[in-house]
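Written below as structure tokens is the structure these notes are about.
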Amino acid sequence: MLPTLPGLLGIHHFALAVPADQLESQVEAYKSLGFLELHREDLQGSDQVREVLLHPGLQLLAPLSPASPVARQLLKPRPAFAHLALKVADIHAAYAHLQANGYHLLDPAPRPGSHGTTVFFVHPKSPAEVPLGYLLEIVQDPS
Numbered sequence: 122m123l124p125t126l127p128g129l130l131g132i133h134h135f136a137l138a139v140p141a142d143q144l145e146s147q148v149e150a151y152k153s154l155g156f157l158e159l160h161r162e163d164l165q166g167s168d169q170v171r172e173v174l175l176h177p178g179l180q181l182l183a184p185l186s187p188a189s190p191v192a193r194q195l196l197k198p199r200p201a202f203a204h205l206a207l208k209v210a211d212i213h214a215a216y217a218h219l220q221a222n223g224y225h226l227l228d229p230a231p232r233p234g235s236h237g238t239t240v241f242f243v244h245p246k247s248p249a250e251v252p253l254g255y256l257l258e259i260v261q262d263p264s
């Protein structure tokens, strides 16, 4: 059994991939269920996504280009679920812990995320002994 992730505070959000031309209708559909829009941002770099954060705990992601990981996600048979994000108290301690325990980390170090967060991603085939099977994002909110 692997040691527990230090500083785990709980689930930060679930992320759903949506086609770019459906983002606004999806936002409105979730608002009609009582979700509140908190933040919207275009993330360039390797992410290439438009994100909309909704309360409670939902992130909608639409690709900004065909090179976006979300664009590739949308080509899969069940494309909607993009990743699960876990909230931690100390992103650097979490990164070191997962690295030391053999997890395949997709980022060379924690990096800036949206809305002032610090993030890194864990490959779906980690850990090798019992893969999670989905992309995991580790998030530290700004202090």
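Here the sequence shown is numbered in this note's numbering, starting from 122 and rising by one per residue. Yeah, the Cβ is synthetic: ideal placement off N, Cα and C, and Gly gets one too.
Of the listed residues the options, nearest to residue i (C-alpha basis)
i    : options                : result
F202 : D163, I132, P187, L181 : L181
V139 : S247, G166, P190       : P190
L175 : K246, G155, Q194       : G155
R232 : Y216, R193, D142       : Y216
S264 : H236, A221, G254       : H236
P177 : S146, L196, A136       : A136
L157 : L179, A230, G131, P198 : L179
Length of the line joining the Cα atoms of residue i and residue j
i    : j    : result
H133 : V209 : 9 Å
H244 : A206 : 13 Å
E258 : G234 : 10 Å
A192 : L144 : 13 Å
L166 : H160 : Before going on, a small fix: residue 166 reads as Gly here, not Leu. Rounded to whole angstroms, G166 to H160 spans 19 Å at the Cα level.
L250 : N222 : The sequence given here places Glu at residue 250; Leu does not occur at that position. Whole-angstrom Cα-Cα distance: 11 Å.
Q194 : T125 : 29 Å
G254 : D142 : 28 Å
Terminal residues of the beta strand (DSSP E) in which residue i lies
i    : result
H218 : Segment 212-221 is the alpha helix (DSSP H) holding H218; no beta strand (DSSP E) there.
V260 : 257-261
E162 : 157-164
E172 : 170-176
Y185 : Sequence inspection shows Leu at residue 185; the Tyr mentioned does not correspond to that position. L185 -> no beta strand (DSSP E), and no H or E assigned at all.
CB-CB length for residue i against residue j, believed under 8 Å
i    : j    : result
H204 : L256 : 4 Å
A188 : V170 : That belief does not hold up - the Cβ atoms of A188 and V170 are roughly 11 Å apart, past 8 Å.
Same chain, Cβ closer than 8 Å to residue i, neighbours up to 5 away in sequence not counted
i    : result
A214 : P127, G128
Nonlocal neighbours in the same chain, by C-beta distance under 6 Å from residue i, ignoring five residues either side
i    : result
Q261 : V209, I212, T239
L227 : F242, H244
Y224 : V243, S247, P248
V148 : V173
Continuous alpha helix (DSSP H) stretch holding residue i: start and end
i    : result
V191 : 190-194
A230 : Counting along the chain, A230 falls outside any alpha helix (DSSP H), and DSSP gives it neither H nor E.
V148 : 144-153
7 Å Cβ shell around residue i - same chain, five flanking residues per side excluded
i    : result
L185 : D163, Q169, V170, R171
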